[in-house]
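Residue numbers (full-length UniProt numbering): 1 to 98.
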């Protein structure tokens, strides 16, 4: 999966959009038994450019599950393919402190 030494910490940055299940399957779950500590940092709507691209009450921001229910293409085209973000260093510091 990754080339990290024993007792390493893997921090995954999760894009906004309820992507926990995908991240867990692909990254968190494989760390079990690898002597790697997994942490995640979840991007908030405020850190995502989606908050500038969509009105504040749009389902993309308020109900990401509604896009997941529309299928992989609908979900991935919004939350995976075109989402860059600016990390809130203050918020990230609490994850790093762990």
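For glycine and all other residues, C-beta sits at the position ideal for the given N, C-alpha and C.
- The Cβ atoms of residue 57 and residue 11 do not sit closer than 9 Å to each other.
- Burial check for residue 80: the Cβ neighbour count within 10 Å stays below 16, so the residue is exposed.
- Secondary structure within the segment 50-78: the alpha helix (DSSP H) runs of 4 or more consecutive residues, fully enclosed, are 50-53, 59-62, 64-69 (chain order).
- When C-beta atoms of the segment 26-38 are compared with those of the segment 56-76, fewer than three pairs fall below 8 Å, so the two segments do not count as touching.
- Straight-line measurement puts the Cα of residue 66 at about 16 Å from the Cα of residue 45.
- In terms of Cβ geometry, residue 83 and residue 17 form a close pair [threshold 9 Å].
- Taking the Cα of residue 52 as reference, the smallest distance to any Cα among 85, 5, 92 is reached at 85.
- Classified as buried, residue 48 has 16 or more neighbouring CB atoms from the shown chains inside 10 Å of its CB.
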